[in-house]
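Asks: Pasting a structure here, questions to come.
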Amino acid sequence: MMEHILDARNKQPTLLAGEWVGAASDEWFEDIDPADTRKIVALLPRLSGDQVAAAIETADRNGGVWAGAPAIDRGRVLLEAARLIRERVDDIATDVRREAGKLQAEAKGEVLKSADFLEYYGGLGRLAQGAVLPDERPGTFTHTLVEPLGVVLLITAWNDPILTPARKIGPALIAGNSVVIKPAEDTPLSALHLARALIDAGLPATALSVVVGHPEDVGEPLLGHPAIKAVSFTGSTRTGRLLRTRLSDRNVRFQAEMGGKNAVVVLPDADLETASAVITAGAFAQAGQRCTATSRVIAVGDTSRLNEALIGRAREIRVGPGWDQDSQMGPLINPVRLEEVSADVQEARDRGDRVLWGGERARGEKVDHGCFFSPTVIAVDSSLSPLWQKEVFGPVLAVASAPNVDAAVKGVNDSSYGLSAAVFTRDLAMAMEFVRRVDTGQVAVNRPTSGWDVHLPFGGFKESGSWSKEQGLEGIDFYTRVKTVAIGYDS
Ligand code: ADP
590 MMEHILDARN KQPTLLAGEW VGAASDEWFE DIDPADTRKI VALLPRLSGD
640 QVAAAIETAD RNGGVWAGAP AIDRGRVLLE AARLIRERVD DIATDVRREA
690 GKLQAEAKGE VLKSADFLEY YGGLGRLAQG AVLPDERPGT FTHTLVEPLG
740 VVLLITAWND PILTPARKIG PALIAGNSVV IKPAEDTPLS ALHLARALID
790 AGLPATALSV VVGHPEDVGE PLLGHPAIKA VSFTGSTRTG RLLRTRLSDR
840 NVRFQAEMGG KNAVVVLPDA DLETASAVIT AGAFAQAGQR CTATSRVIAV
890 GDTSRLNEAL IGRAREIRVG PGWDQDSQMG PLINPVRLEE VSADVQEARD
940 RGDRVLWGGE RARGEKVDHG CFFSPTVIAV DSSLSPLWQK EVFGPVLAVA
990 SAPNVDAAVK GVNDSSYGLS AAVFTRDLAM AMEFVRRVDT GQVAVNRPTS
1040 GWDVHLPFGG FKESGSWSKE QGLEGIDFYT RVKTVAIGYD S
C-alpha cells in the first residue's frame, strides 16, 4: 500500500471509493503549517465534481457489502482500526500537529481519543438492536429492525481534524452505512490517516471516501447528490445554517455541531486556585480553538481576586510551535483567523473593554512566521461588549461580574449559543439549581466546559446544535432508521 504515501513533492492522493487518486485535472491545493506559514505540509488533489459524484455512486451501488456484514464483524473492523491508530499514534500525531498547529501532546491526546471512539462503537457491534412489541392480533410476532440509511455525508472542521471524523465515522459505520467524508481544507491529512487505518483493518474499500478540498470545488457536488441520505456537520454556525437551508427542500437528515460561547460561573465560596486553573486550561488549550472552550467567566461578587489568579496563569503560558517541547500553547489555524481574532479584540478595546493580559499577536523568533496570538484576558461589561456574544474561536477570555446567582444564570443564558457551561462552588443546592436553569447541552460542576468522553452524549442547544446528540448510544440514532415488522404465523 505504498502508493498512497506522500511522494517527493509532498503530493498526497486521497481515497475515493477504494482507490488512492489524484485530481483528474492534476491540480493540487496546499496544506499549510500554521506554526510557520512558509511550510507546505502537503499538496492535496483538487477533485472535480465528476470524481465526487462517481465516488458517491460507487458507494451507493456497493453499500450492501458493508450493510450486509454481521454487526459483530463490522465491530471487529472498527476495533482493529483503533488498534492500528494506537500503533501509529506518533506518526499520525505529527501530521495532526503540522497541519492543525497543535502541540505534539495535544495532537497525541486527540489521536488516542479517536481510537477510543472506534473502540467504543466497535464494541457496540454486539449491542442488542430493535425490540419485540406486543400485538393485539393473535399469532402475530411484531418487532422492530434497526437499519442503516445508506450513504451518509460527514463534513468536519479543522480544530480536531481526526477526532471529529472519528466521532462521526464510528456510529455511521457500526450502523452499516457507507461514508463520504469531507474534512476541512486546512487539515486533510488527519482524516486520511483515519481512513487508512480503517481500510487496513478490513473495511470494504467502497464504504469510505475522503473528499478533500475547498467548499467552492466540492460542496455542491456533495450536497446536491441524490444518493446522500444524511449530513452530519461540525463547524461554524454560519456554515451550519447555510447547509440546513441548502438541504431543507429534500428529505435529508441533518445534524449539526456548531459554535459555542461557553461560560463558567464562579461563586464566592469557590476554591479560586482550582477554578482559575480549570478556566485557563479550558480557555487556552488548543489556543482556544474548541467549540467547548471556556470563553466567558462570570464572577459572583468581587472579581479582583479571580482576575489576579487568571492573569497570573495566562502570564505563565509559553506560546510556541508544537514541535517545541517547551511550548504550552500553539498557533491559530491560519492567517485569516489571526486577523479576525486580532480585529475582535481591537473592537472590544474600542468599545471600552479592558485588556488585563495579552490582546495582541505573539512575537519572537520561534513564532514570527506563524499565526500566534497571546493568551488574552479581558474585563468586559457583559451588557455592552461584543465579546459577550460573538464566538471568537481563539485564546480570548472575557470576564464579567454579577451581583448574585440569579444574574449569573441569566448571564450564561444571554447567548444565542447553548453548548456548554460550568459552575464552581461547594454549595450543592446552588450547583443543582444552576444545572436545572442553564440552557446548554452540557453542564459541569467544578469541572471544565470541555472534555466529554466518547460514551457521553454530546451536543448543544439553541444555535449550537440540532435535535440529535453525538457520542454515546444516542450517537447511533442519527445514522439509523427503524422498520416495524408484523409476522402472522398462524395461517
Ligand atoms: P470555519 O469557518 O471554522 O473554517 P466552516 O464552518 O466554514 O468553519 O467549515 C467547516 C467545514 O464545512 C469545512 O470542512 C468546510 O470546508 C465545510 N464547508 C464550509 N462551507 C461549505 C459549503 N458551502 N458546503 C459544504 N461544505 C462547506
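Numbering-wise, the sequence shown is residues 590 to 1080 according to my numbering. From the three backbone atoms N, C-alpha and C, an ideal C-beta is built for every residue, glycine too.
Need the endpoints of the alpha helix (DSSP H) that residue 829 sits in, please.
Replies: It spans 826-836 - the alpha helix (DSSP H) in which residue 829 sits, taken as one unbroken run.
Asks: When you compare only the Cα positions, how much space is there between residue 970 and residue 942?
Replies: C-alpha separation (whole angstroms): 7 Å.
Asks: Is residue 709 helix, strand or coil when you go by DSSP?
Replies: If DSSP states are grouped into helix, strand and coil, residue 709 belongs with the helices.
Asks: Starting from the N-terminal side, write out each stretch of the beta strand (DSSP E) that is 3 residues or longer and does not extend beyond the stretch 595-654.
Replies: Those beta strand (DSSP E) runs which fall completely within the stretch 595-654 and span 3+ residues are 603-605, 608-610, 617-621 and 629-634.
Asks: Write down the C-beta distance between residue 802 and residue 636 rounded to the nearest angstrom, noting that I regard them as a contact closer than 8 Å.
Replies: That belief holds up - the Cβ atoms of residue 802 and residue 636 are roughly 5 Å apart, short of 8 Å.
Asks: Would you check whether ligand 3 has a heavy atom nearer than 7 Å to the C-beta of residue 691?
Replies: Ligand 3 is not part of this structure, which contains only ligand 1.
Asks: In this structure, what does DSSP give as the bridge partners for residue 851?
Replies: Bridge partners of residue 851: 883.
Asks: Are residue 1031 and residue 1055 touching if we call contact CB-CB under 8 Å?
Replies: Not in contact: residue 1031 and residue 1055 (Cβ atoms no closer than 8 Å).
Asks: Give the single residue among 800, 785 and 711 whose Cα lies nearest to the Cα of residue 743.
Replies: Nearest option by C-alpha distance: 800.
Asks: Between residue 824 and ligand 1, is the CB less than 7 Å from at least one heavy atom?
Replies: Yes.
Asks: Given a cut-off of 8 Å, decide if residue 790 and residue 670 are closer than it, judged by their beta-carbon atoms.
Replies: Closer than 8 Å, so yes.
Asks: Could you check whether the stretch 1000-1020 touches the stretch 857-867, counting it as contact only if at least three pairs of C-beta atoms, one from each stretch, sit closer than 8 Å?
Replies: They touch, by the three-pair rule.
Asks: Under 7 Å: does the beta carbon of residue 777 sit that close to some heavy atom of ligand 1?
Replies: No, the Cβ of residue 777 stays beyond 7 Å of every heavy atom of ligand 1.
Asks: How far does the alpha helix (DSSP H) with residue 782 in it extend, from its first residue to its last?
Replies: Segment 777-789, the alpha helix (DSSP H) holding residue 782.
Asks: Using 8 Å as the threshold, is the stretch 835-847 in touch with the stretch 819-826, meaning 3 or more CB pairs across them?
Replies: In short, these stretches touch, since the Cβ pair count reaches three.
Asks: Nearest-angstrom Cα distance between residue 1060 and residue 1047?
Replies: One C-alpha to the other measures close to 6 Å.
Asks: Quick check on the DSSP output: the alpha helix (DSSP H) that includes residue 658 runs from which residue to which?
Replies: Neither: residue 658 is in no alpha helix (DSSP H) and is coded neither H nor E.
Asks: Inspect the CB distances between the stretch 621-635 and the stretch 950-965 and report whether three or more fall short of 8 Å.
Replies: Yes, the stretch 621-635 is in contact with the stretch 950-965.
Asks: Pick out whichever of 745, 810 and 806 has its Cα sitting closest to the Cα of residue 780.
Replies: Cα-wise, what sits closest to residue 780 is 745.
Asks: Following the continuous alpha helix (DSSP H) through residue 678, name the residue where it begins and the one where it ends.
Replies: It spans 678-689 - the alpha helix (DSSP H) in which residue 678 sits, taken as one unbroken run.
Asks: Please work out which residues of its chain come closer than 6 Å, Cβ to Cβ, to residue 757, disregarding the five sequence neighbours upstream and downstream, and give them in chain order.
Replies: Answer for residue 757: 743 and 821, listed in chain order.
Asks: Decide if residue 973 is buried, meaning its Cβ has at least 16 other Cβ atoms within 10 Å, or exposed.
Replies: Exposed, because fewer than 16 other Cβ atoms sit within 10 Å of the Cβ of residue 973.
Asks: Buried or exposed, going by whether 16 or more other CB atoms sit within 10 Å of the CB of residue 590?
Replies: Unreliable placement is indicated for residue 590, whose pLDDT of 40 sits below 50; no coordinate value is reported for it.
Asks: How should residue 1018 be labelled, buried or exposed, when 16 other C-beta atoms within 10 angstroms of its C-beta is the threshold for buried?
Replies: The residue is exposed, with fewer than 16 neighbouring Cβ atoms inside 10 Å.
Asks: Between 872, 953, 722 and 890, which has its C-alpha nearest residue 996's C-alpha?
Replies: The option with the nearest alpha carbon to residue 996 is 890.
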